[in-house]
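Heads up: the sequence shown begins at 2 in the working numbering, then just goes up one per residue.
Let me begin by presenting the structure, written as structure tokens, before commenting on it.
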Amino acid sequence: MPIERKVAVVTGANSGVGYGIAERLLEWDCDNLIVVLACRNEARAMVAWQSLLQEYPKAKLDILIIDLSNCSSVLKACKRLYERYKRIDYLYCNAGLLSASGIKWGEVVYLFLKNPVSFIESSDATQQIVGEVNEDGVGLVFACNVLGHYVMIRELEPLLKASGEGRIIWTSSSTASSHTFDLDDWQGIKALEPYESSKWATNLIAFKMNDRFKAENLPITSIMTSPGVVASNIANLPAWVKRVRRMVHYAFRFGGLTSQNITSYNGAVSNVYCAQQPKEKLDPSKCYASCTDRWGYSFVDEHGIKNYSEDNAQAVIDKCEAIYQDWKKTSENTTNDSE
Numbered sequence: 002m003p004i005e006r007k008v009a010v011v012t013g014a015n016s017g018v019g020y021g022i023a024e025r026l027l028e029w030d031c032d033n034l035i036v037v038l039a040c041r042n043e044a045r046a047m048v049a050w051q052s053l054l055q056e057y058p059k060a061k062l063d064i065l066i067i068d069l070s071n072c073s074s075v076l077k078a079c080k081r082l083y084e085r086y087k088r089i090d091y092l093y094c095n096a097g098l099l100s101a102s103g104i105k106w107g108e109v110v111y112l113f114l115k116n117p118v119s120f121i122e123s124s125d126a127t128q129q130i131v132g133e134v135n136e137d138g139v140g141l142v143f144a145c146n147v148l149g150h151y152v153m154i155r156e157l158e159p160l161l162k163a164s165g166e167g168r169i170i171w172t173s174s175s176t177a178s179s180h181t182f183d184l185d186d187w188q189g190i191k192a193l194e195p196y197e198s199s200k201w202a203t204n205l206i207a208f209k210m211n212d213r214f215k216a217e218n219l220p221i222t223s224i225m226t227s228p229g230v231v232a233s234n235i236a237n238l239p240a241w242v243k244r245v246r247r248m249v250h251y252a253f254r255f256g257g258l259t260s261q262n263i264t265s266y267n268g269a270v271s272n273v274y275c276a277q278q279p280k281e282k283l284d285p286s287k288c289y290a291s292c293t294d295r296w297g298y299s300f301v302d303e304h305g306i307k308n309y310s311e312d313n314a315q316a317v318i319d320k321c322e323a324i325y326q327d328w329k330k331t332s333e334n335t336t337n338d339s340e
């Protein structure tokens, strides 16, 4: 009998680290995997699908349209996954939004001279948009980066369980920091750095949800990864800024700064590493970080998370769960009314 293919769902797979994850998954085990490109934009998903097939003609690919900022879209997408698959082995919570309005030109030189490494590893010079919310009144960046993925996980737990060893692999960020997060503004609506705030919330949830999986004896593991610094288009910067930025990243990498992965392929090495390794070799309390040496060799490093708070983690999970249950109830009522 033919071996049943494992299923990997990758959010944000049409570009950036998500595309790199899809590439590396197919490079690793093309014959035994179905890679689901979960994307918001169908046209861009098709471009990615065609590009991957050119590189891996035997690849088994699928496209799932999902807008992680929209509750209805997330729930409908999960329903489609149940219609198509009996299992999900790897759920990559990767899609991310950094909503930027420009560059803080007046601070660029100061920030660089103050701490060049911090400057090149962070988005401190990026002017982020404050106060954005989605149609449900949820912080837009938080909804895209955290809540939408949380809802996916809750909806897809039976499929992850059915795989026998489901893995939830989060893409966090080296910019995630506890000082950007305020529990009183847990969605980061008032935050000056909503992206960093959302990534810290990601860290909290990714680690803490393992407690429930263990308590309920669910064969599911939540794992945190960081892509390091990748010259992606997440912040929608002008083309010339991206070109200059890329050259600076290469210069710092040649100087020995291993966080400068630059390409999405390099940035995705930790994500796929967490699928390749036996479960007993992975520590859910660690973050697995993608690194690249000056000669372009990619490798994975692991480290703990400073200032992690169990209380804050549980509080964020409780708040996300309350919204999820409300969304689910509203969706069920809408479905019943239409029947």
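Backbone N, C-alpha and C define an ideal beta-carbon position, used for all residues, glycine too.
The structure displayed is predicted, hence computed values, not measured ones.
In this structure Asp-185 is exposed. Its beta-carbon is surrounded by fewer than 16 other beta-carbon atoms within 10 angstroms. For Glu-136, no beta strand (DSSP E) run applies, since DSSP gives it neither H nor E.
Within the model, the alpha-carbon separation for Ser-119 versus Leu-283 is close to 29 angstroms.
Taking a 10 Å sphere around the C-beta of Ala-240, we find fewer than 16 other C-beta atoms and assign the residue as exposed.
Taking a contact as a CB-CB distance under 8 angstroms, the pair Val-36 and Val-11 counts as one, their CB atoms being some 7 angstroms apart.
Here the alpha carbons of Asp-137 and Asp-327 stand approximately 11 angstroms from one another. Assignment of Ile-224 by DSSP, reduced to helix, strand and coil, places it in the strand class.
Note that the C-beta distance between Ser-175 and Gly-229 is below 8 angstroms. The beta carbons of Leu-148 and Cys-321 sit closer together than 8 angstroms. The three-state reading of DSSP puts Glu-166 in coil, since its state is none of H, G, I, E or B.
In terms of Cβ geometry, Ile-224 and Gly-167 do not form a close pair [threshold 8 angstroms]. Distance between Val-134 and Cys-72, taken at the CA atoms: about 13 angstroms.
Here Gly-268 is not near Ser-286, since their CB atoms are 8 angstroms or more apart. Under the Cβ criterion (8 angstroms, minimum of three pairs), the segment 245 to 255 does not count as touching the segment 210 to 222. Bridge pairing for Asp-302: Ala-290 [DSSP]. A residue is called buried when at least 16 other Cβ atoms come within 10 angstroms of its Cβ; Tyr-83 does not meet this threshold and is exposed.
Between the segment 59 to 66 and the segment 15 to 35 there are three or more inter-stretch CB-CB distances shorter than 8 angstroms, so the stretches are counted as touching. Residue pairing by DSSP puts Ala-39 in a beta bridge opposite Thr-12, Leu-65. Residue range 265 to 268 is occupied by the alpha helix (DSSP H) that includes Gly-268.
Inter-residue distance for Val-75 and Glu-303 is about 31 angstroms (C-alpha atoms, whole angstroms).
8 angstroms or more divides the Cβ of Ile-263 from the Cβ of Val-139.
Following the DSSP letters along the chain, one finds Cys-31 in no beta strand (DSSP E), marked with neither H nor E. The beta carbon of Glu-194 lies closer than 7 angstroms to those of Gln-129, Thr-181 in the same chain, with the five residues before and after it left out.
Counting only runs that start and end inside the segment 98 to 134, the beta strand (DSSP E) elements of at least 3 residues fall at 101 to 104, 127 to 129. Taking 8 angstroms as the cut-off, the Cβ atoms of Trp-201 and Ser-179 count as close. Under the DSSP definition of a beta bridge, Lys-7 partners with Leu-34.
The beta carbon of Gly-103 sits closer than 7 angstroms to those of Gln-128, all from its chain and outside the five residues before and after it, given in chain order. Under the DSSP assignment, Tyr-196 falls in the alpha helix (DSSP H) whose first and last residues are 195 to 216. For Trp-171, the secondary structure class from DSSP, reduced to helix, strand or coil, is strand. Leaving aside the five residues that flank Trp-50 on each side, the residues in its chain whose CB is nearer than 7 angstroms to its CB run, in chain order, Leu-38, Leu-62, Ile-64. Membership of Cys-79 in the alpha helix (DSSP H) is indicated by the continuous run 72 to 85. Under the DSSP definition of a beta bridge, Gln-261 partners with Val-230. Counting only the Cα atoms, Cys-79 lies some 11 angstroms from Leu-69. For the pair Gln-55 and Glu-24, the Cα-to-Cα distance works out to about 11 angstroms.
In chain order, Asn-15, Ser-16 place their CB closer than 8 angstroms to the CB of Arg-45, counting only its own chain and leaving out the 5 sequence neighbours on each side. Spanning the alpha carbons of Val-142 and Ser-123 requires a straight line of approximately 17 angstroms.
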